[in-house]
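> Read in order, the letters of the sequence shown correspond to residues 61 to 352 in the numbering used here.
A single structure is presented below for examination.
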Amino acid sequence: MAPRPALGTRLCPARSSESAPGALSDASTQTTALTPLRPGCSPKITRVPRSGGGASLLAQLMLLLLLDSTCAAAVPRIINGDEAVPYSFPFMVALVQANQLDDMYQGQFCGGALVAERWVATAAHCLEGMKASKVAVLFYGHDLRESPPFEHECTETILLDDKSCHENYSDDTLQHDVCLLRLAAPPQCISSGVLSITQATAVLDIAATVAPAGTEVTIMGWGNMAKSGTKYPNLLQEAQIEIATQTICEEQYGSEFLPGMICGSVLGSIDSCQGDSGGPLVVQVDGRWVLV
61 MAPRPALGTR LCPARSSESA PGALSDASTQ TTALTPLRPG CSPKITRVPR SGGGASLLAQ
121 LMLLLLLDST CAAAVPRIIN GDEAVPYSFP FMVALVQANQ LDDMYQGQFC GGALVAERWV
181 ATAAHCLEGM KASKVAVLFY GHDLRESPPF EHECTETILL DDKSCHENYS DDTLQHDVCL
241 LRLAAPPQCI SSGVLSITQA TAVLDIAATV APAGTEVTIM GWGNMAKSGT KYPNLLQEAQ
301 IEIATQTICE EQYGSEFLPG MICGSVLGSI DSCQGDSGGP LVVQVDGRWV LV
């Protein structure tokens, strides 16, 4: 069993290259000091405060919400969700270690969303301690076990050439946990016109008006599907949760729920945790997927 290389400052369990798709090794786990409110997870959602400062690019573009977790380098976890319809979320990308593109199931560690031709939005803690050149994205992907030549003409891996994380990101509180990643080149299907920018990207909800409390939103990822133990899928999963009221969030998270954060309530036993790190939280408005 080959352990996953350390990413950032925290470690999560390593996938087992010897196991069947969805399995994980018994490697030891080091988590952060953030105490989960439910066994095994802490599905907090953060965003850049709309009146806050920070890098100018982020201030203009990154007024959005990103799912956090107790493990900075974790793959997303979707509990009691379903396999997503292949290629139904073209903006969804997987962050993969650039030296593991021959085994993306092992190399994938976070998610992200394409928000412009060469820009991906993700969580700052995903890239903590990492150079952009060490990371690639899987664009228009569905199956992490797939390798070139890919089934779909638009599926490809693209290296990063830069990152711009919020200057006020706090590793302790996870406030301002947002980062923009610049692709070394735009996706080929966008450049060739097979996909339009409208089709391939998610819209940023800068006005913060599309998802008030009670709105059902969609989360997605390739992470652990088990409430306890480990069961990692190779196929993209999705689930629906509901935006909770500020009162509910404060009751659940106490002092850990800080200004600029929201949280999602569970519909039944559906959840995302142990990382949907960097992955999008979206709602469909007039036929477009919007990052809320």
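Note that the Cβ used here is the ideal one computed from N, Cα and C, for glycine as well.
#1: Look at V153 and L187 and say whether their C-beta atoms are less than 7 Å apart.
#2: Which full runs of the alpha helix (DSSP H) of 4+ residues lie inside the stretch 153-225, going along the chain?
#3: Pop quiz: Y165 and L204 are said to be a contact at Cβ under 8 Å. What is the actual Cβ separation, rounded to whole angstroms?
#4: Apart from the five residues just before and just after S256, which ones in its own chain have a Cβ nearer than 8 Å to its Cβ?
#5: Would you mind sorting L223 into buried or exposed? The rule is 16 or more other CB atoms within 10 Å of its CB.
#6: Would you give the residue range spanned by the beta strand (DSSP E) that T278 belongs to?
#7: Could you check where the alpha helix (DSSP H) with E311 kicks off and where it finishes?
#8: Please report the straight-line C-alpha distance between F169 and Y292, rounded to a whole angstrom.
#9: In terms of residues, what are the limits of the beta strand (DSSP E) holding Q300?
#10: Touching or not, the stretch 281-299 and the stretch 193-210, by the rule of three or more beta carbon pairs under 8 Å?
#11: Name the one or two DSSP bridge partners that M285 has.
#12: Which residues in the same chain as W179 place their Cβ atom closer than 8 Å to its Cβ, once the five residues preceding and following it in sequence are excluded?
#13: Taking 7 Å as the CB-CB limit, is T275 close to chain B?
#14: Keeping to the same chain, check which residues put their C-beta closer than 8 Å to that of S352; ignore five residues upstream and five downstream.
#15: Closest to C225 by CA distance: which of G338, V350 and G347 is it?
#16: Which residue marks the beginning of the alpha helix (DSSP H) containing Q248, and which one marks its end?
#17: Kindly list the residues whose CB is nearer than 6 Å to the CB of W349, restricted to its own chain and excluding five residues on each side of it in sequence; keep chain order.
#18: Where does the unbroken alpha helix (DSSP H) through Q259 begin, and where does it stop?
#19: Compare the beta carbon distance of F199 and P247 with 7 Å and say whether it is the shorter of the two.
#20: For K191 and A158, I'd like the C-alpha separation in whole angstroms.
Taking the coordinates as given:
#1: no
#2: 164-167
#3: 4 Å
#4: I250
#5: The amino acid occupying residue 223 in the given sequence is Lys; Leu does not appear at that position. Buried.
#6: E276 to G281
#7: Q306 to Y313
#8: 12 Å
#9: Q297 to I303
#10: yes
#11: Answer is none; M285 lacks a bridge partner.
#12: L121, L240, L241, R242 and L243
#13: Included in the structure is just one protein chain, with no chain B present.
#14: Reading the sequence as shown, one finds Val at residue 352 and not Ser. These residues qualify, in order along the chain: L124, L125, D265, A268, V270, A271, T275, V277, I303, L341, V342 and V343.
#15: G338
#16: Q248 to S251
#17: A262 and V342
#18: I257 to A260
#19: yes
#20: 11 Å
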